[in-house]
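**Q** Counting along the sequence shown from 1, when you hit position 15 you're at 82 in our numbering, and nothing is skipped either side. Positions of the beta carbon are idealized from the N, C-alpha and C atoms, including for glycine. Mind looking over this structure? Questions follow.
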Amino acid sequence: MRFRVRPRQLARSLRELARREPQQVQDYLAANPQEWDRIAERDPYDAADVLEALPPETAAGLLGQLDAASAAEIVEEMQPASAAKRLLEMGPAQGGPMLEAMDADEVADVLHELDPDVRQPYLAALDGVMRRDVERFISYGPDTAGGMMRTDVAALSADLTTAQATKELKAMSETFDDLSYVYVVNADQQLQGVLSFREMVFASDDTSLARVMIRDPVTVGPEADREEVAELIQRFHLFAIPVVDSGQRLMGIVTVEEALEAIQHEAGEDMAVAVGAGSEESTYTGPATSIRMRLPWIVVNLFLATVVSFTIRALEGEIAQNVVLASLMPIVALLGGNGGAQALAVTIRAMAINQVPSQRIREVLVREFQIGLSMGIIIGLMSSAVAFLASAGNSRVAIAMGIAVFVNLAVGALAGAGIPIVLRKAGFDPALASNIFLTFFTDVLGFAGFLVVAAMLL
68 MRFRVRPRQL
78 ARSLRELARR
88 EPQQVQDYLA
98 ANPQEWDRIA
108 ERDPYDAADV
118 LEALPPETAA
128 GLLGQLDAAS
138 AAEIVEEMQP
148 ASAAKRLLEM
158 GPAQGGPMLE
168 AMDADEVADV
178 LHELDPDVRQ
188 PYLAALDGVM
198 RRDVERFISY
208 GPDTAGGMMR
218 TDVAALSADL
228 TTAQATKELK
238 AMSETFDDLS
248 YVYVVNADQQ
258 LQGVLSFREM
268 VFASDDTSLA
278 RVMIRDPVTV
288 GPEADREEVA
298 ELIQRFHLFA
308 IPVVDSGQRL
318 MGIVTVEEAL
328 EAIQHEAGED
338 MAVAVGAGSE
348 ESTYTGPATS
358 IRMRLPWIVV
368 NLFLATVVSF
378 TIRALEGEIA
388 QNVVLASLMP
398 IVALLGGNGG
408 AQALAVTIRA
418 MAINQVPSQR
428 IREVLVREFQ
438 IGLSMGIIIG
448 LMSSAVAFLA
458 SAGNSRVAIA
468 MGIAVFVNLA
478 VGALAGAGIP
488 IVLRKAGFDP
498 ALASNIFLTF
508 FTDVLGFAGF
518 LVVAAMLL
């Protein structure tokens, strides 16, 4: 088999086929090794996608066919968890040179996926400077500014004149792809400011950079959380933010691309955690690990669902007397759950970007309750009409339905905002299985509330 496509289309064709028929791509590349060389050279991003779709041992073999620099370029485009599995198949002897050719922060992201004892031989395969940098990145954690930063920073001495700085910048342009920000440091590498190109252009040649720089730029420490980093970048419309240590020494920068990727990752984590899945779980996580992450919350869900079941059973007499209630109960619970989920999503997002400090908690809760009340009135009236038709014109069933929906939407919205706040107060992740608790709350309130109101009216 041979694909008859243009060179630039080959990688994309194999990538799409690998997602459906990985064995077919594996056989093709084994029969046509020169094609893999072309893919690796022309399309590292697509090559990474192909490797992620292939078995780890096959992907490791393909990486081993390349020189260290080419393999490194591809691995940097892969998901860290996926890259770590391929690295394990390669082993320290073969994988070490490839890691040496990567940026230290990228190496740290990959090695962070390995257990400490498994990670050690790969660290030992690195030279002293690279190993120290990688260990430092790993120590900060991938969710911090220190873990996200890049250390190749364009920086100039504050003692330089604008004429000298211009020569330095010309030399830097051959090393750095992006010179949007050039930072100014003193002899101790302490951050003094960021270079203002406008001021520099209009200054005389003998003017020092200290006079044309912008002082006191926005900075973060290496332990700053990714949400804080992203918030500052967004608030001040930055392309990058410098990372400094406790002595204000410039350590690196976090780019807007890294911050965006971190926020996307955080959003995925919050979504997974809210429904009881593992925050670090991905499609590359082993089945046993995934089961271990998910099972506890499924057990909790079973317990909460049992409570809901017993609640319904305690009121089964009302259902027996008015069978139509059984068909309307799910509507009440579903509407309350959806309304609560909307409040939950808004609150978790606001908390992620620090929009819910302690002094605003009451304001946030009142706001969501007011929204729930308003929606409860509108949807309650509409639900009454549905119940009136479903019960063949029974006005009491319609009234019970309207009241139950009104209450469940109002209280569900309050619960949706309150649950993540309570979890944060208790020291947990605000998203921690919040959707499970919300569903339990709105189900109990919806089923029991509807049946109790119906019993009073009927």
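1. Roughly how many whole angstroms lie between the Cα atoms of GLU235 and LEU81?
2. What's the call for ASP184, buried or exposed, on a 16-neighbour Cβ count within 10 Å?
3. CA-CA distance, ASP194 and GLU173?
4. Should the segment 399 to 406 be regarded as contacting the segment 491 to 498, the criterion being three or more beta carbon pairs within less than 8 Å?
5. Inspect the beta-carbon positions of GLN409 and GLY483 and report whether they are closer than 8 Å.
6. Among ASP104, ARG198 and ARG153, which residue has its Cα nearest to the Cα of GLU180?
7. Please classify ASP283 as buried or exposed, where buried requires at least 16 other C-beta atoms within 10 Å of its C-beta.
8. With contact counted as at least three CB pairs below 8 Å, one residue from each stretch, are the segment 225 to 239 and the segment 284 to 292 in contact?
9. When you compare each of VAL261, ASP219, ILE428 and GLU124 to ALA232 by their alpha carbons, which one comes out closest?
10. Helix, strand or coil, according to DSSP, for SER271 in the structure here?
11. Considering only their Cβ atoms, is the gap separating LEU223 from VAL201 smaller than 8 Å?
12. Where do the N-terminal and C-terminal ends of the beta strand (DSSP E) with GLY260 fall, by residue?
13. Whole angstroms is fine: what's the gap from ALA329's alpha carbon to ALA297's?
14. Quick one: give me the first and last residue of the alpha helix (DSSP H) that ARG282 is part of.
15. Could you spell out the range, first to last residue, of the alpha helix (DSSP H) harbouring ILE320?
16. For SER224, which residues does DSSP report across the bridge?
17. Is PHE303 buried or exposed, if buried means 16 or more other CB atoms sit within 10 Å of its CB?
18. According to DSSP, what are the bridge partners of ALA307?
19. Taking three-plus beta-carbon pairs below 8 Å as touching, is the segment 411 to 427 in contact with the segment 460 to 468?
20. Output the distance between the C-alpha atoms of ARG380 and ILE358, rounded to the nearest integer angstrom.
21. Closer than 6 Å by C-beta to PHE508: which residues in its own chain qualify, once you throw out the five before and the five after it? Chain order, please.
22. State buried or exposed for ALA171, treating a residue as buried only when at least 16 other CB atoms are found within 10 Å of its CB.
23. Output yes or no for whether 8 Å exceeds the beta carbon distance between LEU395 and ALA326.
24. Please list, in chain order, all residues of the same chain as ILE590 whose beta carbon is under 7 Å from its beta carbon, the five residues on each side excluded.
25. Identify the residues that DSSP records as bridge partners of VAL287: which are they?
26. State buried or exposed for PRO74, treating a residue as buried only when at least 16 other CB atoms are found within 10 Å of its CB.
27. Taking the alpha carbon of PHE473 as the point to measure from, which residue in ASN502, GLY460 and PHE517 has its own alpha carbon closest?
28. Can you have a look at ALA191 and say buried or exposed, based on whether 16 or more other CB atoms are within 10 angstroms of its CB?
29. Thinking just about the alpha-carbon of each residue, which of GLN257, VAL279, GLN259 and ASP273 is nearest to the one in MET267?
30. Would you kindly report the start and end of the unbroken alpha helix (DSSP H) that includes LEU411?
31. Out of PRO89, GLN259, VAL431 and PHE264, which one is the CA nearest neighbour of GLY314?
32. Grab me the residues of VAL112's own chain with a C-beta within less than 6 Å of its C-beta, minus the 5 sequence neighbours each way, in chain order.
33. What residue range is occupied by the uninterrupted alpha helix (DSSP H) comprising LEU518?
34. Leaving out the 5 sequence neighbours to the left and right, which residues in its chain are closer than 7 Å to ASP134 when beta-carbon positions are compared?
35. Count the other C-beta atoms from every protein chain shown that fall within 10 angstroms of the C-beta of ALA212, then say buried if there are 16 or more, exposed otherwise.
36. Output needed for ALA120: all residues of its chain with C-beta closer than 8 Å, excluding positions within five of it in sequence on either side, in chain order.
**A** Straight from the coordinates:
1. Approximately 44 Å between the Cα atoms of the pair.
2. exposed
3. 16 Å
4. no
5. yes
6. ARG153
7. exposed
8. no
9. VAL261
10. coil
11. no
12. 258 to 262
13. 8 Å
14. First-last for ARG282: 280 to 282, but that is the beta strand (DSSP E), not the alpha helix (DSSP H).
15. Segment 317 to 322 is the beta strand (DSSP E) holding ILE320; no alpha helix (DSSP H) there.
16. Paired residue(s): VAL252.
17. exposed
18. Looking at the DSSP assignment, ALA307 forms a beta bridge with THR322.
19. no
20. Distance between the alpha carbons of ARG380 and ILE358 is about 32 Å.
21. Listed in chain order, the non-local C-beta contacts of PHE508 below 6 Å within the same chain comprise ALA482, local neighbours out to five positions each way being set aside.
22. buried
23. no
24. Because residue 590 is not part of the residues shown, which for the chain are 68 to 525, the question remains open.
25. VAL310
26. Model confidence at PRO74 stands at a pLDDT of 49, short of 50, so the residue's coordinates are unreliable; what they give is reported in the following sentence. It is exposed - the Cβ of PRO74 has fewer than 16 other Cβ atoms within 10 Å.
27. PHE517
28. exposed
29. Of the listed residues, the one whose Cα sits closest to MET267 is VAL279.
30. 391 to 419
31. GLN259
32. The question names Val, yet the displayed sequence has Tyr at residue 112. Closer than 6 Å at Cβ, skipping near neighbours: GLU144.
33. 501 to 524
34. none
35. buried
36. ARG82, ALA85, ARG86, PRO89 and VAL92
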